[in-house]
Amino acid sequence: MWLIAAMFAVTYVGMAVGRLPGLQVDRAWIALSAACVLLLTGTVSLADVGQHIDVGALVLLLALMLVSAQFGFSGVYGRLSALIMRHAERPSVLLLGVVLLGGVLSALLVNDIVAFAMTPLLCQALLVRGLDPRPYLLALALSCNAGSAASLIGNPQNILIGQVGGLDFWAYSLQALVPAVAALGITYAVIWAMWRHRWVLNEPGAAPMPLSVSQESLRYKPLLAAMALLVLFSTPLPREWSALAVALVLMMSRHVASHRYVQAVDWNLLLLFMGLFIVTGSVASLPEAGVLVNQWLGAEGVPDDPWRMAGISLVASNVIGNVPFVILLLGLFPQLPEATLVMLAVMSTLAGNLLLIGSVVNLIVAEGARRQGVHLGFLTFAKAGIPVTLLSMLVAAGWFALGVR
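Quick note on numbering: UniProt numbering labels position 231 of the sequence shown as 231, and the sequence is numbered without any gaps.
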């Protein structure tokens, strides 16, 4: 028991801090290392690992990453970026385009991939035009999180919640659509109010790094793939196998080598999931863990009150991250009712907009911007993220409090 507790503590302190002092080790490898210690010491058996890991969630996440990669290979992200950049002379309209683009794409695809693909394209186009990329990068990160709340395939934690709870794809979206759209509107309003007189750079921007733009003419494949996914998700077929089938068909290409799809997968995120599944599953199997969590949450257990759910999600998602928080909660309480799961999906996603460390998407945008010579700092993000998150979660809690769930 003590070793499981120690590895759990190391893992979640690592989730909060983001690294181990003196070592170049990120969150994924912290979680995986803790899981390996439990395996190597015999504290956890391979049979236990099979029970702790949600293979369906991992397969679905992998398949959606492969499908999302097709959008990049087909030049869809580049064309959409060029389309909204036509309004560069009207920064407020351009901002609206970025918010809508990030939100809509993230409802259909995994938001991590959308952020990864769009960040360098935006930086390059904005710097060339002498516009400050920071408000638009903030809009991209915040809208990718907000838009992804509308869908069970929009982000990793929603994928997991949908799999564990067996939630209906369209029924969830109907309940989550209003909070997600409201969050997109709030994102636009807050960033516009903060940056409306500061769109243009005072000094010429740093020359962006050259991008390798795909020239494959495959423009219809992403559209067909997205339509196929939406149709298949409307059937009783398991979502993970439906998505994997679409991904495999896409990989049978005459233009794109299969290894490029493999390179487009965020393996670090998958490893993070695996490590967290093992560590949290091991903790959840301890009787003492259930007692402690019940004491912390009170007699009611996991709250079905939207205001309490908003508060817990806000704190936990910005201390350890929304993905680790959801994995931990579902590991300890695998039989949550549907209404609670819907609130958890929406609240944990919106809570990730509070701080730079709140979600993986925020870190992806900040790191992608850094590679292009743009600094998106912690305080800059917080100035927009805090009001956007608090207002968005206020609307979401009010929506669920009305009984619309």
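We treat Cβ as the ideally placed atom computed from N, Cα and C, and that holds for glycine.
Output the distance between the C-alpha atoms of residue 384 and residue 45, rounded to the nearest integer angstrom.
45 Å
So which of 34, 263, 99 has the shortest CA-CA distance to residue 49?
34
Enumerate in chain order the residues of its own chain whose CB-to-CB distance from residue 176 is below 6 Å, with the five nearest sequence positions on each side excluded.
149, 150, 346
With a floor of 4 residues, list each alpha helix (DSSP H) that falls wholly inside the stretch 2–40, ordered by position along the chain.
2–17, 27–40
Compare the C-alpha of residue 75 against each of 222, 161, 187, 244 and name the closest.
222
According to the Cβ coordinates, are residue 131 and residue 199 closer than 8 Å?
yes
Candidates 258, 342, 225, 332, of which the one nearest residue 304 by Cα:
342
How close, in whole Å, do the beta carbons of residue 146 and residue 115 come, if the pair is a contact with beta carbons under 8 Å?
Incorrect: roughly 12 Å between the Cβ atoms, too far for contact.
For residue 279 and residue 125, what's the separation of their Cα atoms in angstroms?
43 Å
Alpha carbon of residue 268 to alpha carbon of residue 36, nearest angstrom:
16 Å
Are the CB atoms of residue 92 and residue 192 nearer to each other than 8 Å?
yes
For the alpha helix (DSSP H) containing residue 349, name the first residue and the last one.
338–351
Less than 8 Å between the beta carbons of residue 52 and residue 277, yes or no?
yes
Express the C-alpha separation of residue 56 and residue 8 in angstroms, rounding to a whole number.
23 Å
I believe residue 95 touches residue 120 by the beta-carbon criterion, under 8 Å. Please report the beta-carbon distance rounded to the nearest angstrom.
Actually they are not in contact, since the Cβ atoms of residue 95 and residue 120 sit about 19 Å apart, beyond 8 Å.
Using a Cβ-Cβ distance under 8 Å, would residue 278 count as near chain E?
Among the chains of the structure shown, chain E does not appear; only one protein chain is present.
Nearest candidate by alpha-carbon position, reference residue 38, set 62, 6, 18, 225:
6
Residues of its chain near residue 58, where Cβ-Cβ distance is below 8 Å and the 5 sequence neighbours each way are ignored:
270, 273, 274
Hey, could you find the ends of the alpha helix (DSSP H) residue 85 is sitting in?
No alpha helix (DSSP H) holds residue 85; DSSP gives it neither H nor E.
With DSSP as the reference, label residue 216 as helix, strand or coil.
Bear in mind that a pLDDT of 46 at residue 216, under 50, signals an unreliable position, so the number given afterwards is only what the model happens to contain. Here residue 216 sits in coil by DSSP.
Complete alpha helix (DSSP H) runs within the stretch 110–150 (minimum length 4 residues, chain order):
111–128, 133–148
Leaving out five residues on either side along the sequence, give the residues of the same chain with a beta carbon under 7 Å from the beta carbon of residue 286.
1, 4
With the cut-off set at 8 Å, would you say residue 23 and residue 376 are in Cβ contact?
no
Is the CB-CB distance between residue 160 and residue 326 below 8 Å?
yes
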